[in-house]
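A.B. asks: Please see the structure below; I have some questions.
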Amino acid sequence: LAVVIQSGVMYIDQQYYGKWVSPVWNILIYNAQAGGDELYGIEPASYYIKNLALNMNYVAAAGLMSLVLIFKRDYSSLLVLLAPMYIWLAVLVPRPHKEERFLFPVYPCLCLGAAMLSVTVVEFILRCCFKKTPVKRQWTLLVLAILWTPATLLSLSRTVALSKYYTAPLTVYSQLQHHADTADSTICTCGEWYRFPSSFYLPSTIQKFGFVQSSFGGQLPQLFLPTGSKPNNLLQFNDQNRPEPASYTSIDQCDYLIDLFNSDDCRENDSIWKPVALGSFLLPTTSTLHRALYIPGLHERDESRGL
Numbered sequence: 002l003a004v005v006i007q008s009g010v011m012y013i014d015q016q017y018y019g020k021w022v023s024p025v026w027n028i029l030i031y032n033a034q035a036g037g038d039e040l041y042g043i044e045p046a047s048y049y050i051k052n053l054a055l056n057m058n059y060v061a062a063a064g065l066m067s068l069v070l071i072f073k074r075d076y077s078s079l080l081v082l083l084a085p086m087y088i089w090l091a092v093l094v095p096r097p098h099k100e101e102r103f104l105f106p107v108y109p110c111l112c113l114g115a116a117m118l119s120v121t122v123v124e125f126i127l128r129c130c131f132k133k134t135p136v137k138r139q140w141t142l143l144v145l146a147i148l149w150t151p152a153t154l155l156s157l158s159r160t161v162a163l164s165k166y167y168t169a170p171l172t173v174y175s176q177l178q179h180h181a182d183t184a185d186s187t188i189c190t191c192g193e194w195y196r197f198p199s200s201f202y203l204p205s206t207i208q209k210f211g212f213v214q215s216s217f218g219g220q221l222p223q224l225f226l227p228t229g230s231k232p233n234n235l236l237q238f239n240d241q242n243r244p245e246p247a248s249y250t251s252i253d254q255c256d257y258l259i260d261l262f263n264s265d266d267c268r269e270n271d272s273i274w275k276p277v278a279l280g281s282f283l284l285p286t287t288s289t290l291h292r293a294l295y296i297p298g299l300h301e302r303d304e305s306r307g308l
């Protein structure tokens with residue numbers, strides 16, 4: 002199945018890139034060589050520990066400890082299901098450049114490992130407590146429910162926090178679809194270029210989307226072009242994260258500018274801009290607990306204070 006999917010992807014890429022390529026292979030080679038991914042920032046190993054704790058709470062710890070189950074005769078085949086997680090982490094963690102999205106492939110394995118470990122441990126404890134009588138299945142389910150209910154509540158709180166605190170860029174970009182005068186206009190972003198969600202959020206009637214030069218000193222993403230991404234259509238691009246002047250759009254050409262009100266970038270023409278769409282943005286000065294989880298009452302209180 003994987004071969005069929007990869008072949009289809011490579012065929013589509015060939016139509017747009019003008020040559021046979023494998024993005025998966027290119028990403029692997031680029032990030033494996035020294036001096037590649039380090040150009041985009043480096044983080045310590047604790048970065049992944051913090052993100053696993055934030056997004057998966059104690060499910061992550063249980064999932065990682067599930068390796069002990071392979072020593073149990075009945076679960077020896079579990080190694081086949083869990084091995085990809087440990088191989089992925091073994092490759093990922095030592096790399097200097099780290100991003101939260103790199104962890105996404107191991108989340109299903111973490112949940113599976115946590116579920117298997119918890120069932121094994123709970124059944125073992127109950128058998129020890131009720132040596133003379135068979136353990137009822139209801140007892141096992143009850144203990145498991147008590148064990149995982151806090152994890153469920155923490156996950157729900159985190160999900161609501163992501164929806165309430167971090168969707169301002171999506172909200173603002175989606176508002177562009179409701180403005181009729183965006184037709185044949187140039188929409189720009191400045192210091193907030195890295196929060197540009199996707200070209201799918203832009204009206205199909207716009208003339209251009211552009212990046213205005215900001216304090217960021219690296220290379221900006223390559224824009225999608227109607228003519229495709231064949232070599233003769235591409236702007237100048239490099240693999241050293243050096244800024245390319247051709248990637249910038251002059252702010253004088255912009256009809257709409259999407260940026261933070263308190264940003265230090267692109268402030269020279271503030272007087273000519275009029276707000277047409279606004280979204281609440283969580284400031285980094287708020288408490289760690291507030292930024293991590295949604296707690297009823299705390300969010301509403303800080304929002305009324307403008308935090």
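Per this note's numbering, the sequence shown starts with residue 2, numbered consecutively.
Note that beta-carbon positions come from the ideal geometry of N, C-alpha and C, so glycine has one too.
Given the structure is predicted, the values throughout are model-derived calculations rather than measurements.
(1) Given a cut-off of 8 angstroms on the beta-carbon distance, is the pair residue 200 and residue 225 in contact?
(2) By DSSP, does residue 9 sit in helix, in strand, or in coil?
(3) Round the Cβ separation of residue 187 and residue 260 to the nearest angstrom and send it over; I've been treating them as touching at under 8 angstroms.
(4) Run through DSSP, which three-state label would residue 18 get?
(5) Considering only their Cβ atoms, is the gap separating residue 204 from residue 178 smaller than 8 angstroms?
(6) Leaving out five residues before and five after residue 294 in sequence, what residues of the same chain have Cβ atoms less than 8 angstroms from its Cβ?
(7) Under the three-state reduction of DSSP, which class applies to residue 130: helix, strand or coil?
(8) Smallest Cα separation from residue 209: which of 171, 176, 248 and 78?
(9) Which of the three DSSP states, helix, strand or coil, is assigned to residue 308?
(10) Work out the CA separation of residue 54 and residue 308 for me, nearest whole Å.
(11) Can you look up residue 188 in the DSSP assignment and give me helix, strand or coil?
(12) Since I believe residue 58 is in contact with residue 152 (beta carbons under 8 angstroms), could you give me their beta-carbon distance rounded to a whole number of angstroms?
(13) Residue 264 and residue 192 - do their beta-carbons sit closer together than 8 angstroms?
(14) Tell me, please, whether the region 237 to 245 touches the region 132 to 147 by the rule of three or more beta-carbon pairs shorter than 8 angstroms.
(15) In the DSSP assignment, find the alpha helix (DSSP H) that holds residue 90 and state where it starts and stops.
(16) Taking the alpha-carbon positions, what's the residue 276 to residue 88 distance?
(17) Taking 8 angstroms as the limit between beta carbons, can you name the residues of its chain near residue 43, skipping five residues before and five after?
(18) Figure out for me which residue from 252, 290, 286 and 95 has the closest Cα to the Cα of residue 274.
(19) What's the C-alpha gap between residue 24 and residue 142?
(20) Please report the distance separating the alpha-carbon of residue 124 from that of residue 95.
(21) Below 7 angstroms CB to CB, which residues in the same chain sit around residue 219 once its five sequence neighbours on both sides are set aside?
(22) Does the Cβ-Cβ distance between residue 119 and residue 145 come in under 8 angstroms?
(23) In three-state terms, what does DSSP make of residue 294?
C.D. replies: Inspection of the coordinates gives the following:
(1) yes
(2) helix
(3) The Cβ separation is near 15 angstroms, so there is no contact.
(4) helix
(5) yes
(6) 155, 158, 159 and 162
(7) helix
(8) 248
(9) The predicted model places residue 308 with a pLDDT of 46, which falls under 50 and marks its position as unreliable; any figure quoted below should be read in that light. DSSP places residue 308 in coil when its eight states are reduced to three.
(10) Low confidence applies here, because residue 308 scores a pLDDT of 46, under 50, leaving its location unreliable; read the following figure in that light. Going from the Cα of residue 308 to the Cα of residue 54 covers about 25 angstroms.
(11) strand
(12) 5 angstroms
(13) yes
(14) no
(15) 79 to 93
(16) 49 angstroms
(17) 97, 98 and 99
(18) 252
(19) 45 angstroms
(20) 36 angstroms
(21) 242 and 244
(22) yes
(23) coil
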